Structure formats: structure tokens, C-alpha cells
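Student: Read in order, the letters of the sequence shown are residues 0 to 166 in numbering that gives the first Met the number 0.
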Amino acid sequence: MKKAPWHFLLLLILAGESVFILPFVLARVFRPTVLEVFGLDNLQLGLCFSVYGIVALLSYFFGGPLADKFPPGKLIAVALWMTALGGIVYATFPNYTILKILYGYWGFTTIFLFWAPMIKATRVWGGSNSQGKAFGFLDGGRGLVGALFGTMGVLVFHYLFHQKFPS
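As C-alpha cells, this is what we get:
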């Protein structure tokens, strides 16, 4: 069997971190801003994360069998699109109740639809001889991409802030 090209793994790395930007990275990097804009306190944001966690926990049990029935690429694409659709709702600055529903929705899209297919695609990419390398690149690459996204976000925020409020 011919091994998949490197760009497949690079796309998995990008998707593997990108899917978590809306539910986690924004609130982690810009926590004070997110709390202020949505009118939340830390407890309320934590409860949104709890809803995500409960849905995600249940989704782990059913995502694997789903990934065995459908091609990983199709499931990953659906998960990315559905997560992005949640971003449209997020961009409307919904109230606290809608945010809890949205975080539950993201728990479904990022875990039920995305996580197992990503793991399966990584395992397939690694083949029988390169599992450690495949998962090492996936995890290390996701960390690097997350750090780069956070850095870019802070730079954009800094630039926009200084345009609006010059020193």
C-alpha cells in the first residue's frame, strides 16, 4: 500500500488545531475580552466549558464507530463546516443560554464528528511502521499551530488596538 503524502498530515495538523479555535483558543487567549463582550463571569464561562465536556464525553463513545463507517476526510470536512457554522452564531454575541447550547453543539462537532476521524486518518497515514512518528507530528504540530494562532491573534489585537487608541 502506498503511503499518503506529507501534505495530508500537514492538513490534519491544521484541521486538528483549527477546529478548537472557536470553543477554546479564543476564550483562552482573550479571556477578559470574551468575558466582557458576552457579559459573563468566570463561573459562567466555566459552565459553558462543562456543557462542552459532558457532550464531548458522550461523543467519544459514539465517534469511533462513526469513523469506522465513513471516510475520515468526509467526516472531518463536515465537522469543520459545522463548527464554523457555530462560529456564525458566536459572532452574533448570543446570550448565556445560547452560549451553553453552542458549547454543547461544539462538543458534538469537534469530538463526535472530528476527533475519531482525525485519529483514524493519522493512524492510516502512519501505516504499520510509522505510528509513533505520525502521532508525534500530529501532536507536536497541533501545539505549534496553536501557539502560532495565539501569537497571530495577539498581534492583530495589538495592531487594531493601537490603531484605535494611539499612544
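Using N, Cα and C, we set each Cβ at its ideal position, and we do this for glycine too. None of these values were measured; they are calculated from a predicted model.
1) On the CB-based measure, 16 or more other CB atoms within 10 Å of its CB, does V36 come out buried or exposed?
2) Which same chain residues, not among the five before or five after F92, have their C-beta less than 7 Å away from its C-beta?
3) Using C-beta distances below 8 Å, list every residue in its chain close to W124, excluding the 5 sequence neighbours before and after it, in chain order.
4) Using DSSP with H/G/I as helix, E/B as strand and the rest coil, what is D167?
5) Check this for me: beta carbons of C47 and L84, under 7 Å apart or not?
6) I want to see whether chain B comes within less than 7 Å of Q162, judged by CB atoms only; does it?
7) So F7 is in the alpha helix (DSSP H); what residue range does that whole segment cover?
8) Mind checking P116: buried by the 16 CB within 10 Å criterion, or exposed?
9) Does the separation of the CB atoms of V54 and G15 fall below 7 Å?
10) Sort V153, I110, H161 by Cα distance to P22 and report the nearest one.
11) Confirm, please, whether the CB-CB distance from Y95 to Q43 is below 7 Å.
12) Taking the alpha carbon of G45 as the point to measure from, which residue in Y59, F61, R27, S58 has its own alpha carbon closest?
13) Pick helix, strand or coil for A146, following the three-state DSSP scheme.
14) Of the choices F107, L56, I87, whose alpha-carbon is the least far from that of I75?
Tutor: Considering the structure as presented:
1) The residue you call residue 36 lines up with position 37 of the sequence shown. Burial is judged here by how many other beta carbons sit within 10 angstroms of a residue's own beta carbon; V36 has fewer than 16 and is exposed.
2) For this step, residue 92 is matched to residue 93 along the sequence shown. Correct list, in chain order: V36, F37.
3) In the sequence shown, residue 124 corresponds to position 125, counting from 1. Cβ within range, chain order: K2, A3, F7, L8, L11, A133.
4) Nothing can be reported for residue 167: it is not among the residues displayed for the chain, which extend from 0 to 166.
5) If you number the sequence shown from 1, residue 47 lands on position 48. If you number the sequence shown from 1, residue 84 lands on position 85. No, Cβ-Cβ distance for C47 and L84 is not below 7 Å.
6) Structure shown: chain B not included; a single protein chain is present.
7) Residue 7 sits at position 8 when you count from the first residue of the sequence shown. Per DSSP, F7 belongs to the alpha helix (DSSP H) from 5–17.
8) Here residue 116 corresponds to residue number 117 of the sequence shown, with the count starting at 1. Per the 10 Å Cβ criterion, buried.
9) Locating residue 54 in the sequence shown gives position 55, counting from the first residue. Locating residue 15 in the sequence shown gives position 16, counting from the first residue. Not in contact: V54 and G15 (Cβ atoms no closer than 7 Å).
10) For the purposes of this step, residue 22 is taken as residue 23 along the sequence shown, with counting starting at 1. Selected option, being the one with the closest Cα: I110.
11) Working through the sequence shown from its first residue, we reach residue 43 at position 44. Working through the sequence shown from its first residue, we reach residue 95 at position 96. For Q43 and Y95, yes; Cβs fall inside 7 Å.
12) By 1-based counting over the sequence shown, the position of residue 45 is 46. Comparing Cα-Cα distances from G45 to each of Y59, F61, R27, S58, the minimum goes to R27.
13) Here the question's residue 146 lines up with position 147 in the sequence shown. Three-state result, A146: helix.
14) Start at 1 with the first residue of the sequence shown, and residue 75 comes out as number 76. Among F107, L56, I87, the Cα nearest to that of I75 is on F107.
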